[in-house]
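These notes concern the structure reproduced below.
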Amino acid sequence: MLDLRSIREDPEPARAALRRRGAADALDELLQLDGRRRELLPELEEGRARRNRVSEEIAQLKREGKDADQPIAEMRELGGALKEREAELARVEAERDELASTLPNLPDPDAPDGDTENDAVTLREVGERPEFDFEVRDHLDLGTAHGWIEMEKASEASGSRFAYLMGDLVMVEMALIRLVLDLLRDEGMTPVVPPVLVRGGPLYGTGFFPGEREMIYEVPRDELFLVGTSEVSLAALHAGEIMSARDLPRRYAGYSTCFRREAGAAGRDTRGIFRVHQFDKVEMFSFVEPSQSGAEHERLLQIQERFLQMLEIPYRVVDIAAGDLGASASRKFDCEAWIPSQDRYREVTSCSNTTDYQARRLDCRYRPEPEAQPVPVHTLNGTALAVGRTLIALTENGQAADGSVRLPGPLVEAGLPEVIGAE
RNA sequence: GGAGGGGUGGCAGAGUGGUUGAAUGCGGCGGUCUCGAAAACCGUUUCGGGCCAUUUCGGUCCGACGAGGGUUCGAAUCCCUCCCCCUCCGCCA
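In our numbering, the protein residues as written are 1 to 423.
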């Protein structure tokens, strides 16, 4: 949700920003509806004020035991007229809110121009890509050979894009989660296992509804939805609250399974566990004061990079183009891991500054000073560990000619063998 | 799943159709008193929206007593639907 009041006063900056995302037309329509509402509202309020006055007169007359038939008759008429006006106002407001809910956040001026993935700007490449003097095998090859990944039975049981993760890879997953939660707790984040079934409210609040409803699994009988990321339930943790300045920043690390329908991705990444309907993830989420969100964004990105470096995964950082941002992000950085079998970098983490966009929709505010008016906070989210894709990066980058996989030091220190999948 | 009770301001807790946006208490903030503090006393203390004013303080009106509808001249108060919480029973990782 955008700040309609400031846009009303000076629409040009917002219009220019939305133009970069191709959403400027909707803004003008929105301003028109807003204008219509502001015409209707004073008339209605005047009527209500009169109703309140006459109502009091009637009460007075009744108390004095006098006859009140005349003002009551007047009120009967007024009541009908008010009801019509109220209905009209409600229609306009519903239309306005519906349209407003579809507008994306304003992109940060520093976000690169462009509309697609290909317009992202590479900020840096980090780590050494491995050299292999043998035929590289992909994660599914390796995983099937060692009994780590079982997809055929999974598709019989659940359909395409599901997998059984088994054996050593499960132990690696557990160690990764423990490792990353330790790291995040040291960074002042509260570990959370959140609900994965939520109502529509949090999905609306985080900007997944109405725009990305196709991506979400529904449980219609109970009017619940399976979250695609714990960002949704973490954001809801402070929905509807007014916090004080000393409550901020609030930082969380949510560990949960994530569910995505992957509608519209038919035919893409169909091999292995790169793009599946269900995966586990640790997600960072911060509530901060508006002036701090830029710094917090850097901070989350830095944590992501540190973890990838710990795991010795070669990666690059890209700055996502304005037209390719999700609805709620004003700026987004992705970390892409080197995937040897594909001979390219692929997304393993993502980190967004959603500024006040989600906070408005969630009604999450704070008081800058003890007695000050509440204002929306800023929220940010970032992947700390996407288990599936990290396992892909680890197995493929760590592979040897015999199909065994060398694990990075921190996992070994966490109790895993140096090499898995050896004869 | 069955039976019952309840949702009012930061908290506690009055209020069952007409100056009740809301008594009272606690907490918070400001002040008086004090060398200082405590106590006492005085004052103040919800959120949203519109209009007016604007350098600043502000003024005024409307809405909100879980949410949405209804009855009524008038609803925190009556009716309906939904949501949430609590107690007991059943089931259960």
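Virtual Cβ for every residue (Gly too), placed ideally from N, Cα, C.
Buried/exposed call for Asn-52, threshold 16 Cβ in 10 Å: By the neighbour-count rule (16 or more Cβ atoms within 10 Å), Asn-52 is not buried but exposed.
Glu-156 in three-state terms, based on DSSP: Assignment of Glu-156 by DSSP, reduced to helix, strand and coil, places it in the helix class.
Exposure of Gln-399, with buried meaning 16 or more beta-carbon neighbours within 10 Å: By the 10 Å Cβ count, Gln-399 comes out buried.
Other residues of its chain near Glu-128: CB distance less than 8 Å, five sequence neighbours each side excluded: Closer than 8 Å at Cβ, skipping near neighbours: Pro-314.
Sub-8 Å separation of Glu-212 and Leu-99 beta-carbons: No, these two residues do not count as a Cβ contact at 8 Å.
First through last residue of the alpha helix (DSSP H) which encompasses Ile-473: What the structure shows of the chain is the stretch from 1 to 423, and residue 473 is not part of that stretch, so it cannot be assessed.
Candidates Pro-249, Gly-382, Ser-352, of which the one nearest Phe-307 by Cα: Nearest C-alpha to Phe-307: Gly-382.
Spatial distance of Ala-393 from Thr-122 (CA atoms): Ala-393 and Thr-122 have their C-alpha atoms roughly 19 Å apart.
Outcome for Pro-376 when other beta-carbon atoms lying within 10 angstroms are tallied against a minimum of 16: In summary, Pro-376 is buried, with 16 or more beta-carbon neighbours lying within 10 Å of its beta-carbon over all protein chains present.
Member of Leu-40, Arg-85, Arg-20 whose CA lies at the smallest distance from the CA of Gly-114: By alpha-carbon distance to Gly-114, the top candidate from Leu-40, Arg-85, Arg-20 is Arg-20.
Secondary structure of Phe-162, DSSP reduced to three states: Reduced to three states, the DSSP call for Phe-162 is coil.
Rounded Cβ spacing between Met-215 and Ala-263 (contact assumed at less than 8 Å): Going by Cβ atoms, the distance from Met-215 to Ala-263 rounds to 6 Å, so yes, they are a contact pair.
Beta-carbon spacing of Leu-251, Gly-294 below 8 Å: According to the sequence shown, residue 251 is Arg rather than Leu. No.
Three-way DSSP call (helix, strand, coil) for Val-282 in this model: Strand at Val-282.
His-277 in three-state terms, based on DSSP: Here His-277 sits in coil by DSSP.
Per-residue DSSP class, three states only, for His-378: His-378 falls in the strand class under three-state DSSP.
Bridge-paired residues (DSSP) for Cys-335: Secondary-structure assignment with DSSP links Cys-335 through a beta bridge to Val-317, Thr-349.
Cut-off 6 Å between Cβ atoms - residues of its own chain near Asp-138, not counting five sequence neighbours on either side: Short of 6 Å from the beta carbon of Asp-138, and not among the five residues preceding or following it, lie these beta carbons of its own chain, in chain order: Ser-341.
Proximity to Tyr-204 [Cα-Cα], best of Ala-26, Gln-358, Leu-380: Nearest neighbour of Tyr-204 by Cα position, chosen from Ala-26, Gln-358, Leu-380, turns out to be Gln-358.
For Cys-351 and Gln-278, believed in contact at Cβ under 8 Å, the rounded distance: The pair is not a contact, with the Cβ atoms about 23 Å apart (cut-off 8 Å).
When Gln-309, Asp-110, Val-348, Arg-221 are compared against Asp-280, the one with the closest alpha-carbon: The shortest Cα separation from Asp-280 among Gln-309, Asp-110, Val-348, Arg-221 belongs to Val-348.
Which of helix, strand or coil DSSP assigns to Gln-373: When secondary structure is reduced to three states using DSSP, Gln-373 falls in the coil class, being assigned neither helix nor strand.
Check whether Leu-142 and Val-419 have beta carbons under 8 Å apart: At the C-beta level, Leu-142 and Val-419 stay beyond 8 Å of one another.
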